[in-house]
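Chemist:
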Amino acid sequence: EVLMERAALKVVEETEKYLQKDERILVVCGSGNNGGDGIAVARLFHLKGIRVEFYMVGNKDKMTRETALQYKIASGYRVPEVNNPQWSEYTTIVKEENPTYEELKEWYTMSGLPLKKFFNTSGMIYKQMNLKDKLKEMTEDDQLKLLATDGMLVKRPLVIGDNFVLTGFKEKEWEEKLL
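In the working numbering, the protein residues as written are 4 to 182.
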């Protein structure tokens with residue numbers, strides 16, 4: 004739980020640098036530990052007086068112990084939860100679930116970045132699967148399908164704007180695109 008709290012604090016700290024006045028944030032959460040991170044992020048924004056809601060896409064009956072705890076804490080603080088979000092009402096969406104193949108393909112196309120920039124090349128799964136060598140032999144479509152199978156393969160954070168995509172946190176790039 005301490006690690007989850009620290010991760011959430013860091014996400015809020017970095018995101019706050021780029022928030023404009025009157026932002027409305029939606030945090031999309033699943034039932035796994037990433038969803039717990041998202042609920043903690045929503046709670047921290049809420050406690051700072053920032054307009055935020057969270058949306059559970061995962062099965063609440065299958066939440067991990069840590070995510071269930073974050074859900075209970077957020078409920079105690081009355082962090083708003085929505086069941087049918089109107090996506091266009093939000094200025095910022097934080098997604099804590101693994102992107103789908105369709106999302107990844109759209110973002111990759113929009114980004115103009117090499118597909119390798121979407122991979123978490125320092126991650127344990129990337130290294131265990133020896134993807135450094137295998138990616139060279141895979142088609143782009145197969146790489147996108149692989150990325151969609153496991154959130155640990157995807158470089159985070161992903162920031163998706165109207166006409167840009169940021170992969171990983173690089174302060175200079177964030178400033179150029181968000182300020």
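C-beta: ideal position from N, C-alpha, C; glycine also.
Quick one: any contact between the region 16-32 and the region 86-105, if contact means 3 or more CB pairs under 8 Å?
Modeler: Yes, the region 16-32 is in contact with the region 86-105.
Chemist: What number of angstroms, rounded off, separates the C-alpha of lysine 139 from the C-alpha of phenylalanine 121?
Modeler: Roughly 14 Å separates the two Cα atoms.
Chemist: Using a Cβ-Cβ cut-off of 8 Å (strictly less than) and excluding sequence neighbours within five positions of methionine 141, which residues of its own chain qualify?
Modeler: Correct list, in chain order: Leu149.
Chemist: Does the pairing of the region 109-118 with the region 161-168 give three or more beta-carbon distances under 8 Å?
Modeler: Yes: the two stretches touch, three or more of their Cβ pairs being nearer than 8 Å.
Chemist: Can you tell me whether DSSP reads valine 14 as helix, strand or coil?
Modeler: It is helical.
Chemist: Cα-Cα, which of Glu174, Glu84, Gln146 and Pro160 is closest to tyrosine 58?
Modeler: Measuring from the Cα of tyrosine 58, the nearest candidate turns out to be Glu84.
Chemist: Where do the N-terminal and C-terminal ends of the beta strand (DSSP E) with threonine 94 fall, by residue?
Modeler: Per DSSP, threonine 94 belongs to no beta strand (DSSP E) and is neither H nor E.
Chemist: Return the Cβ separation of asparagine 36 and threonine 70 in integer angstroms, given the expectation that the two are a contact with Cβ distance under 8 Å.
Modeler: With a Cβ gap of about 6 Å, asparagine 36 and threonine 70 count as contacting.
Chemist: Starting from phenylalanine 3, trace the alpha helix (DSSP H) both ways and give me its first and last residue.
Modeler: In the structure as shown, the chain begins at 4 and stops at 182. Residue 3 is therefore absent and cannot be evaluated.
Chemist: Tell me which residues share the same chain as alanine 45 and place their Cβ nearer than 6 Å to its Cβ, disregarding the 5 neighbours each side in the sequence.
Modeler: For alanine 45, where only same-chain residues beyond five positions count, the Cβ hits under 6 Å are Val30, Val55, Phe57 and Val82.
Chemist: Using alpha carbons as the reference points, say which of Arg159, Glu106, Leu12 and Ile163 lies closest to leucine 147.
Modeler: Ranking the options by Cα distance to leucine 147, first place goes to Glu106.
Chemist: Are the CB atoms of lysine 158 and asparagine 123 nearer to each other than 7 Å?
Modeler: In this structure, asparagine 123 lies closer than 7 Å to lysine 158 by Cβ.
Chemist: Would you kindly check if the distance between the Cβ of methionine 7 and the Cβ of alanine 43 is under 7 Å?
Modeler: Yes.
Chemist: Which class does phenylalanine 172 belong to by DSSP, given the choice of helix, strand or coil?
Modeler: The answer is coil: DSSP assigns phenylalanine 172 none of H, G, I, E or B.
Chemist: What is the rounded straight-line gap between the Cα of valine 60 and the Cα of leucine 22?
Modeler: Answer to the nearest angstrom: the Cα atoms are 25 Å apart.
Chemist: Among residues of its own chain, excluding the 5 on either side of glutamine 73, which ones have a beta-carbon nearer than 6 Å to its beta-carbon?
Modeler: If we look at glutamine 73 and ignore the five residues flanking it on each side, its Cβ neighbours are Gly39, Ile42 and Ala43.
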